[in-house]
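Top to bottom, those sequences are chains A and B. The first sequence: position 401 = 388 (the numbering used here), numbered continuously. The second sequence: position 8 = -7 (the numbering used here), numbered continuously. Positions of the beta carbon are idealized from the N, C-alpha and C atoms, including for glycine. Fair warning: this is a prediction, and the values are worked out from it, not measured in the lab. Please read the structure below before turning to the comments.
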Amino acid sequence: MTGVEAPENSQVLPERPRAAGRQDWTAWPRYNEAGSGYRGYWYPVTWANHVTGEPTSYTICGEKLALIRDAGKVYALHDRCPHRGVPLSEGDQQFPGTVSCPYHGWTFRLTDGKLAAVITDGPDSKICGKLSVQTYSVEERLGLVWVYIPIGNEPVPSIDEQLPRELVENEGVVGGRIQPRGGNWRFACENGFDEGHAKYLHRTALWRLFKPMPTWNITSIVPEGRWIYRVQDEVYWEAEFPGVGKWTNKRWWKKKPDESQISQIGNVGAGVKVNPVIAAQNFPGFASLSMPGVLRIAYPNFIHYEFYVPVDEDHHQYVGLMVNFETGMKRLGFYAKYLGAVRWLFHGQFSGQDEWMVRVTDAPPEKLYRPDVSLTTWRNLAEEEYGEKIAAAVAFAPATSDRPVRERRASAARKTAQPATSTESANGASAPTAVDAD
Amino acid sequence: MFKTLTGVTFGVLLATGVPRAWRFVAARSNTQVHRINS
């Protein structure tokens, strides 16, 4: 007898169910490769008043940045001295308009990153002017510092083209929170626009203490311009689940909006007066998402934005902004409301529930269900828009500089890790249009 | 005299402590408010 026979009393184990669902994200090749974020966009880095004459280190899209303010203007440099790789953010300013490495005093001009002086090599140092560190375009908007992370050396688009239009054109007040968070930025985007979770995960949030949420919805996703909108076609406040029972979010102390008048603004009754600036936007739905990961939730009196800023594969930065388009004395009411309540309840506990889920999400593999059309539509949008961006960017030659070889190698390695810089990814497979639910 | 001193001390503590506590809380939560486009 050859081989090994199973003992007589062994049990035949049931066949393990075949792994169902999506095993990877290769159907969206650029999205799949964008673990550290998409280059070619402006990202909010920190509060404008946090950037001072002392350089500070930040990481965006895996790129280490040193931010410093000089003569009122903010500058961003690659946070690595080409000499020995010491972060420039550990240094300081020895001369106006420059930053000096703390190790040997290599001093770089903030405007163009050129090596302007080497303090420990004397005034006639031969290396001066022969190398530089990369600089980045910087803008200040909405009380934040924004940095453009380039694909190559493409022309830098105006930040106003990327910001939500209503934030460029209107006066108002903003209350916001910036928080470093665990989890990939794509999970944060998908969570933000996820149709299904809000009604269940956030049912215990104090922000919704007096407002019930539906049990389930029929939702469609509507594209318009750079945005996709979640539109609630049908709303169900309670449901009888066969074999398990009835389930509802309704409670006697929660005031439910009139079902016949559900508005597409903030899930409230249509009778609620809407701020004219918000009403004028004519949003098809109250939740919308755009590249490179900007969530917008419209309420009658304010709009809430979430910017999911990629840091690296496992971390992102949450920038939550609540914008009120009031002027004059009405601003004071918003300040009090934001500082006294919203930052704790909405940007705090409510958003903390999202932080929790994003941090523990582990996909793919994944098995999507009907409401996840919101996720797949977002992935399709990202795939399509970034494809166009890459196509436009390849028209420009790769960045050339007199950075040292090691610096260029590091840069090349980073670019290799970025999505769609190769022909293969740029011509990636077409993205699916439907969820893979059974 | 005692009441005056107590009042002044309390007032100073309040005037210095409240803004510090407020700034501490704001820094911990990393929240800010701003006017935009004005």
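Excluding sequence positions up to five before and after Glu127 of chain A, its CB lies within less than 8 Å of the CB of Ala35, Val61 and Trp133, all in the same chain and listed in chain order. Taking the C-beta atoms as reference points, Ser124 of chain A is found no nearer than 7 Å to Arg213 of chain A. By alpha-carbon distance to Arg217 of chain A, the top candidate from A:Glu182, A:Ala192, A:Trp234 and A:Phe321 is A:Glu182.
Neighbours of Gln166 of chain A in chain B, taken as residues whose beta carbon is under 7 Å from its own, are Asn15 in chain order. In terms of beta-carbon proximity, Arg20 of chain B lines the interface with chain A, with at least one pair separated by less than 7 Å.
DSSP lists A:Val161 as the beta-bridge partner residues of His19 of chain B. The beta-carbon of Trp34 of chain A is placed less than 7 Å from the nearest beta-carbon of chain B. With contacts defined by Cβ atoms closer than 7 Å, Thr(-11) of chain B and Arg164 of chain A do not form a contacting pair. Annotation: Ile208 of chain A to Val360 of chain A spans about 8 Å, alpha carbon to alpha carbon. Scanning chain B for C-beta atoms nearer than 7 Å to the C-beta of Asn157 of chain A yields Asn22, reported in chain order. Residue burial annotation: Met316 of chain A is exposed, with fewer than 16 other C-beta atoms found within 10 angstroms of its C-beta. In this structure, Ala226 of chain A places its C-beta atom within 7 Å of the C-beta atom of Thr202 of chain A. The Cβ atoms of Gly272 of chain A and Tyr295 of chain A do not sit closer than 7 Å to each other. In the DSSP assignment, Phe180 of chain A falls within the unbroken alpha helix (DSSP H) covering Trp172 to Phe180. Taking a C-beta distance under 7 Å as the contact criterion, Val345 of chain A and Asn204 of chain A do not qualify as a contact pair. Taking the Cβ atoms as the reference, His19 of chain B lies roughly 5 Å from Val161 of chain A, within the contact range of under 8 Å. Cα atoms of Tyr356 of chain A and Ala369 of chain A: separation of roughly 20 Å, rounded to the nearest angstrom. Take the alpha-carbon of Lys260 of chain A and the one of Gly170 of chain A: they are about 38 Å apart. C-alpha of Asp57 of chain A to C-alpha of Leu64 of chain A: approximately 13 Å in a straight line.
Interface criterion not met: the Cβ of Tyr373 of chain A is under 7 Å from no Cβ in chain B.
Inside the stretch 110 to 136 of chain A, DSSP marks no whole alpha helix (DSSP H) run of 4 or more residues. Residues of chain B with a Cβ closer than 7 Å to the Cβ of Leu326 of chain A are, in chain order, Val18. Under a criterion of Cβ atoms nearer than 7 Å, the residues of chain B adjacent to Gly163 of chain A are, in order, Thr16 and Gln17.
Its Cα nearest to that of Gly22 of chain A, the residue A:Gly49 stands out among A:Thr314, A:Arg9 and A:Gly49. Ile138 of chain A: not part of any beta strand (DSSP E); DSSP gives it neither H nor E. Assigned with DSSP and collapsed to three states, Met(-14) of chain B falls in coil, not helix or strand. His91 of chain A and Asp79 of chain A have their C-alpha atoms spaced approximately 12 Å apart.
Neighbours of His302 of chain A in chain B, taken as residues whose beta carbon is under 8 Å from its own, are absent, since the nearest beta carbon is some 16 Å off. Cβ proximity to chain B below 7 Å picks out Leu129 and Gly130 from the stretch 119 to 148 of chain A. Thr43 of chain A has A:Leu54 as its beta-bridge partners, per DSSP. Three or more pairs of CB atoms, one per stretch, sit closer than 8 Å, so the stretch 6 to 26 of chain A contacts the stretch 296 to 313 of chain A.
When DSSP reads this structure, Thr206 of chain A sits in a beta bridge with A:Gln219. Residue environment analysis places Val105 of chain A among the buried positions, since at least 16 neighbouring C-beta atoms fall within 10 angstroms of its C-beta.
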